[in-house]
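Trainee:
Number of protein chains: 2
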Amino acid sequence: MPNLLSEIDARIERNLERSIDELSRLCAQPSISTQGVGVRECAELVAEMLRQRGFRAAIHPTPGHPVVIGEAAGRSGKTLLFYNHYDVQPPEPLELWDSPPFEPTVREGKLFARGVSDDKGHIACRLAAIDAIKEVSGELPCNIKFIIEGEEEMGSPSLPAFIESHAEELKADACIWETGGVNFREQPSMVLGMRGICYVELSVQCLTQDVHSGLGGSIFPNAAWRLVWALSAIKDSRERVLIPGFYDDVEQPTARDMELLANLPDSSGDMRRRYGVQEFLKGLQPGTELRREAVMVPTCTISGLTAGYQAKGTKTVLPARASAKVDFRLVPHQSPDDIVEKLRKHLQAHGFGDVQVELLSGEKPARTDPDHPFIKLVADTALEVYDQEMSISPMAGGSGPNHAFVHYLHVPIGSAGVSYPGSQVHAPNENMRLDLFVKGAQHTAHIIQRFAM
Amino acid sequence: MPNLLSEIDARIERNLERSIDELSRLCAQPSISTQGVGVRECAELVAEMLRQRGFRAAIHPTPGHPVVIGEAAGRSGKTLLFYNHYDVQPPEPLELWDSPPFEPTVREGKLFARGVSDDKGHIACRLAAIDAIKEVSGELPCNIKFIIEGEEEMGSPSLPAFIESHAEELKADACIWETGGVNFREQPSMVLGMRGICYVELSVQCLTQDVHSGLGGSIFPNAAWRLVWALSAIKDSRERVLIPGFYDDVEQPTARDMELLANLPDSSGDMRRRYGVQEFLKGLQPGTELRREAVMVPTCTISGLTAGYQAKGTKTVLPARASAKVDFRLVPHQSPDDIVEKLRKHLQAHGFGDVQVELLSGEKPARTDPDHPFIKLVADTALEVYDQEMSISPMAGGSGPNHAFVHYLHVPIGSAGVSYPGSQVHAPNENMRLDLFVKGAQHTAHIIQRFAM
């Protein structure tokens, strides 16, 4: 086994240029799910990449964007499932990119493109592992399935029902999540759960058209003010969400969770440097409490505000309409439907019945047991490849559709991949380090080999 | 005199097509002062239009956009000063215009274009009156001066100092303001004062770049939330401005003011229909109090909000930066410099030292005495032309640089012009009614003729 693994590792390195060429073609295909740009074309490209490896691949319709399922048989009866998504975030603001987001460019050992780290690099990384295994041993050691969706960046609205109705086809013994990689200390890292999300748009319209602010300022209702006051009624400046019952279903961390959190490295200095954070919220200092707060409490984040005149200089206008995008991250056992209902009631009760609440995206939170044997296997193989202990967090700050995998497929979920803290996911100059692509593919290959036994 | 005036009135009607052609050329020249688009070209065009009438016209530099001064001698020793501006508001949102804003189009007896009512139609209207007078009597009955600035839509930042330093050149016995016209009842109307303005941009930057909301939501400061909370500290939902001392210098209306307000027609129904207002603020019902509130109290209006993702769908981002445009309308004897200083102190005192306050535009409020003989002359001539009593308001809701005229030139200020409540000033589909262009020019001609005596 060690010799076989070494051969596979070497093969992955040797194939790097070919892998990056293929990944560049994938990143050159826009697939902005929230805007419906290039989605179908990207699904077809991904299916074709699977078929070139001998997978049976099908593009399944959903009420939203299609899901690609790929399947290939291997020597043992065990089945490993890879979850990925082919869709990407919008590339705006375009002027902050050093090279165009859909023209993949290698600079300083990194490949820059929208989606290269989230999540197309991970698709390519898994295919690189599979290619190397097949080139070295002529076959796959176990069955491998892929489920690659096209709505992850919209909150995977179609995926839970799709997984429920395709549970038999997707049956597996374990799952590797769409992302993975190293932390700011170059340690391989894994998260065992994801927060849910309840992403809403609040909108107010008080007038049928904008009006001169000198005319209406004293006597007409102002949508922007209504929005500001409604938002202020949702969270106070001490970061406390004011919606009654918001915290009711929040599960407190276990002793094991706190142990995992205590063992995580301190990333606060890295965050300060990278994002220019002066002070963490609530006066939190670096340590276990800051890390707990970062992933195990629910949030209420304003992601966008829009009203009236926004260009340079002055326009003396009273805006007819105002809106905000608000992103709540949820922890077990909060649910988006419950939270949006409580939000609506709260606004109504505080005299903000004129504020419309639209749920744009909802996902439930879910977790994998830290003591599952598959989690140990993923951590052990990471040590082999990275020569460092794997850092394991009980939860991630971000969200994903893991609830459906846990609930309908009953699989433990581990991580392996190409990400690092400088990946700039969801931001301008998204990138992937080529050295971490190699490591991620090697880790994936080790997982497949050991899992198959 | 009646015969002479009838001849002049008829001549204005006969010249209408020529006047509208000239006005269309003027409106086709963009002159968006706040964006610096087409400003110089428009100043030259306006100066040329004056010279074609035998005016001496000069384009004077200022620290901002140039001021055009025109001067022509007439029979009597009296001097009438016309104040206008050649700049216009930005045309956005473009998609709501039925014809392009800088391609003047006549439809249903109206000319549509950005600036056609505010303020280029008024320039053309005055020139139409002057043309007719000269065609009929061969000369001007009094001296006429024009001051036409290019920064009115930015709050006339250069004008007060310009007027102060050109006070001798601009010396006059009375002034006609840049705007005038009829109210929703087709009554000629005049305002005797203007609120001041203190237009600020509030901006907050908490991070050096946007960050994934799943990563930073619980622990990073959010510029959009900081902005929302800061705004909430400025005005409460009962419309009370919370800045200490904000109301200190507010002059209460006199008995004469209240009498003028009581005599004004009720425009509340028209405002409801035009702007879709459901309820006026503070539960005000139609009547003198609503009219007093509309023009004689100071305001705090949010004119714009900007943060993070504003397009369709979702983007899970925590914005690094957020900003708001806030428009305070001031009444005598508030001053913009004082208000902005009080605002800064207030934000600082409430823990919002991270919110930057930039004064984008400031103008002082000022008024003309309702009992000045020139005001009576303007009202009497309006009755001749419109066959209706002139409606006189002690103040306008809007702002303008009248303080400098009152303070440095000591002129009474009256109104005559082409506007009506459907002009859509500062909004899409700005327009001017051709019949009101004729009336406005006739009223202007009558003012000139009677003033000269």
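Going down the list, the sequences are from chains S and X.
Mind the numbering: the first sequence is residues 464 to 916 in my numbering, read in order.
Mind the numbering: the second sequence is residues 464 to 916 in my numbering, read in order.
From the three backbone atoms N, C-alpha and C, an ideal C-beta is built for every residue, glycine too.
Output the distance between the C-alpha atoms of residue 529 of chain X and residue 613 of chain X, rounded to the nearest integer angstrom.
Mentor: 6 Å
Trainee: Under the assumption that residue 826 of chain X contacts residue 619 of chain X (Cβ atoms under 8 Å), give the Cβ distance between them as a whole number of angstroms.
Mentor: 6 Å
Trainee: Just grab the DSSP bridge partners of residue 638 of chain S for me.
Mentor: S:544, S:876
Trainee: Taking the C-alpha atoms as reference points, what is the distance between residue 862 of chain S and residue 789 of chain S?
Mentor: Between the C-alpha atoms of residue 862 of chain S and residue 789 of chain S there is a straight-line separation of about 15 Å.
Trainee: By DSSP, does residue 612 of chain S sit in helix, in strand, or in coil?
Mentor: Three-state result, residue 612 of chain S: strand.
Trainee: Starting from residue 792 of chain X, find everything on chain S with Cβ-Cβ shorter than 8 Å and list it in chain order.
Mentor: What residue 792 of chain X touches in chain S, judged by beta-carbon distance under 8 Å, is 676, 677, 680, 681, going in chain order.
Trainee: Would a check of beta-carbon distances place residue 644 of chain S closer than 8 Å to chain X?
Mentor: no
Trainee: Compare the C-beta of residue 417 of chain X with all C-beta atoms of chain S and state if any pair is closer than 8 Å.
Mentor: Here chain X covers residues 464 to 916 and nothing more, so residue 417 of chain X does not appear.
Trainee: Check distances from the C-beta atoms of the stretch 771-787 of chain S to those of chain X and list, in chain order, the residues that come in under 9 Å.
Mentor: 771, 772, 773, 774, 775, 776, 777, 778, 779, 780, 781, 782, 783, 785, 786, 787
Trainee: Alpha carbon to alpha carbon, what distance is there between residue 836 of chain X and residue 514 of chain X?
Mentor: 32 Å
Trainee: For residue 523 of chain S, does the three-state DSSP call read helix, strand or coil?
Mentor: strand
Trainee: Pull out every residue of the stretch 868-893 of chain X whose Cβ sits closer than 7 Å to any Cβ of chain S, in chain order.
Mentor: 888, 889, 890
Trainee: Tell me, please, whether the stretch 568-587 of chain X touches the stretch 551-560 of chain X by the rule of three or more beta-carbon pairs shorter than 8 Å.
Mentor: yes
Trainee: For a minimum of 4 consecutive residues, which ranges assigned as the alpha helix (DSSP H) are wholly contained in the stretch 747-802 of chain S?
Mentor: 751-759
Trainee: Establish whether the CB of residue 831 of chain S and some CB of chain X are separated by less than 8 Å.
Mentor: no
Trainee: Residue 535 of chain X by DSSP, collapsed to three states: which one?
Mentor: In the structure shown, residue 535 of chain X adopts extended strand secondary structure according to DSSP, grouped into three states.
Trainee: How would you call residue 723 of chain X, buried or exposed, if buried means at least 16 neighbouring beta carbons within 10 angstroms?
Mentor: Buried, since its Cβ has 16 or more Cβ neighbours within 10 Å.
Trainee: Could you tell me whether any Cβ in chain X is nearer than 8 Å to the Cβ of residue 827 of chain S?
Mentor: no
Trainee: Thinking C-alpha only, which one of S:881, S:865, S:680 is nearest residue 646 of chain S?
Mentor: The option with the nearest alpha carbon to residue 646 of chain S is S:881.
Trainee: Would you report the Cα separation of residue 771 of chain S and residue 775 of chain X, rounded to the nearest angstrom?
Mentor: So the two alpha carbons sit approximately 17 Å from each other.
Trainee: Assuming residue 878 of chain S contacts residue 551 of chain S (C-beta within less than 8 Å), just tell me the rounded distance between them.
Mentor: Contact flag wrong, Cβ pair sits at about 20 Å.
Trainee: Could you tell me which chain S residues have their CB closer than 9 Å to the CB of residue 760 of chain X, listed as they occur along the chain?
Mentor: 681
Trainee: What does residue 672 of chain X touch in chain S if you count any residue whose Cβ is under 9 Å from its own?
Mentor: 559, 737, 738, 739, 887, 890, 891
Trainee: Kindly indicate if chain S contains any beta-carbon less than 8 Å away from that of residue 905 of chain X.
Mentor: no
Trainee: Determine whether the beta carbon atoms of residue 623 of chain X and residue 867 of chain X lie at a separation below 8 Å.
Mentor: Cβ distance < 8 Å, so residue 623 of chain X and residue 867 of chain X count as in contact.
Trainee: Would you list the residues sitting across from residue 824 of chain S in a DSSP beta bridge?
Mentor: S:662
Trainee: Please state the DSSP three-state secondary structure of residue 629 of chain X.
Mentor: When DSSP states are grouped into helix, strand and coil, residue 629 of chain X belongs to the coil group.
Trainee: In chain order, what residues of the same chain lie with their CB nearer than 7 Å to the CB of residue 617 of chain X, ignoring the 5 residues before and after it?
Mentor: 496, 497, 824
Trainee: Are residue 660 of chain S and residue 792 of chain S closer than 8 Å when you measure CB to CB?
Mentor: yes
Trainee: To the nearest angstrom, how far is the alpha carbon of residue 523 of chain X from that of residue 608 of chain X?
Mentor: 15 Å
Trainee: Do residue 500 of chain X and residue 586 of chain X have their CB atoms nearer than 8 Å?
Mentor: no
Trainee: Exposed or buried, what is residue 658 of chain S when buried is set at 16 or more other beta-carbons lying within 10 Å of its beta-carbon?
Mentor: buried
Trainee: Can you grab the Cα-Cα spacing for the pair residue 451 of chain X / residue 750 of chain X, in whole Å?
Mentor: Coverage of chain X is limited to positions 464 through 916, which leaves residue 451 of chain X absent and any answer about it impossible.
Trainee: Figure out for me which residue from X:896, X:583, X:903, X:478 has the closest Cα to the Cα of residue 493 of chain X.
Mentor: X:583
Trainee: My guess is that residue 875 of chain S and residue 831 of chain S are in contact by the Cβ rule of under 8 Å, so how many angstroms apart are they, rounded?
Mentor: 5 Å
Trainee: For residue 510 of chain X, decide whether its Cβ has a neighbour in chain S, counting only Cβ atoms nearer than 8 Å.
Mentor: No, because no Cβ of chain S sits closer than 8 Å to the Cβ of residue 510 of chain X.
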